[in-house]
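*Asks:* Mature numbering (1 follows the signal peptide of the UniProt record, and there is no 0) puts the sequence shown at residues -39 to -1, 1 to 249.
To start, I am sharing the structure in question, which I have written as structure tokens.
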Amino acid sequence: MRTDSDSAGHNWESQMLLRWVLGSLLLMCGLAISPAAHASQICENVLIGETPPQIVGYSGPNNNQPIYGPPQPIYQEQCYWKYGALALNPSTRVYTSAWNYDDIREAENYVKGQCGYACAWVSFGENFAWIAISEDDRVTGISVKSSADAEKQCALSGGVDCVTVLAGSSTSDANYWYFGAVAYDALTGAGANSWAYARRNEARAAAITSCASPGCWAYAFQTGYGGIALADDGTLFGGWSARSEESAGKAAVKNCEKEKGKKSCSMVKTGSALGPSTFQPKPPKKKK
């Protein structure tokens, strides 16, 4: 049976690319992420005065009595800067964020006070910031450029298997990028899901435990959806998608067919990183 690392070798590059795309969508829908950060400036149309009443017509017997309309408001666009901050405890993965602060030091002091001395933190005037962390929780990477840059900074500092886990905005609350996993036993057909875990290995272990069968194999993923495909020879493959569970299952089938050939693989299990599974794949076809 294929090991977790074997499957990851086939899916890692595509998963990382798609996960980066999903990250962009995540922060745009409630938090918005951008591949490049820009200064966080908020602009509003502010009422600064009114025009005097203007004559809009005439009335009266001689049509010489002016009719005045209501005063017209005068608006002016006024812009101001907003600052945010993020803090993450590497060992507990507890995080805090601050946003919409007029003073960057106040935002910084807030998250440091909430998170404590053991936390990695960043205060910023750019739109967004990201914090990445190594698999063993020992090394972090911080960036106001992109999630990919945060992971690069983590790796340059000696981190192994660095992944972005926290994304924040200077104008809205932060998002933690949670992990999920799907597990399946090719011999018994037993399966299970896990979701909303702070670490990849925790999500994988939870799915294996819930699967409760000796032959269970798990595919862990971050954000979005994951799926497992079963080859005719019993080999299992994982796949990931930003769109849906079904799309993740199809991605797993595609990865499977790259090695095993067309029509030799079946979708058997799917799940979400954020909640219970809502999709049930069709049972695999029995071999003749």
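Where is the CB? At the ideal position from N, CA and C, for every residue including glycine.
Between 57, 85, 32, which lies nearest to residue 137 when the distance is taken from Cα to Cα?
*Replies:* Nearest option by C-alpha distance: 57.
*Asks:* Measuring only the C-alpha atoms, how far is residue 55 from residue 235?
*Replies:* The alpha-carbon atoms of residue 55 and residue 235 are separated by roughly 17 angstroms.
*Asks:* Do you know how far the Cα of residue 69 is from the Cα of residue 59?
*Replies:* One C-alpha to the other measures close to 8 angstroms.
*Asks:* Considering only the alpha carbon of each residue, which of 79, 84, 80 lies closest to residue 67?
*Replies:* Taking only the C-alpha atoms, the option nearest residue 67 is 84.
*Asks:* Output the boundary residues of the beta strand (DSSP E) element that contains residue 124.
*Replies:* Unbroken beta strand (DSSP E) run through residue 124: 124 to 130.
*Asks:* At the level of alpha carbons, what is the spacing between residue 188 and residue 147?
*Replies:* Each residue's alpha carbon lies about 14 angstroms from the other.
*Asks:* What are the start and end residues of each continuous alpha helix (DSSP H) run of 4 or more residues lying completely inside the region 195 to 249, in chain order?
*Replies:* Entirely contained in the region 195 to 249, the alpha helix (DSSP H) runs reaching 4 residues are, in chain order, 206 to 221.
*Asks:* Quick check: what's the CA-CA separation for residue 41 versus residue 8?
*Replies:* C-alpha separation (whole angstroms): 16 angstroms.
*Asks:* If you follow the alpha helix (DSSP H) that residue 117 is part of, which residue opens it and which one closes it?
*Replies:* Taken as a continuous stretch (DSSP letters only), the alpha helix (DSSP H) holding residue 117 covers 108 to 117.
*Asks:* Could you tell me the boundaries of the beta strand (DSSP E) in which residue 168 lies?
*Replies:* Counting along the chain, residue 168 falls outside any beta strand (DSSP E), though it belongs to the alpha helix (DSSP H) covering 161 to 172.
*Asks:* When you compare only the Cα positions, how much space is there between residue 164 and residue 225?
*Replies:* Approximately 29 angstroms, taken between the alpha carbons.
*Asks:* DSSP three-state call for residue 26: helix, strand or coil?
*Replies:* Strand at residue 26.
*Asks:* How many angstroms separate the CA atom of residue 53 from the CA atom of residue 219?
*Replies:* Taking the straight line joining both Cα atoms gives about 39 angstroms.
*Asks:* Going by the CB atoms, is the gap between residue 207 and residue 170 shorter than 9 angstroms?
*Replies:* Contact flag unset, no.
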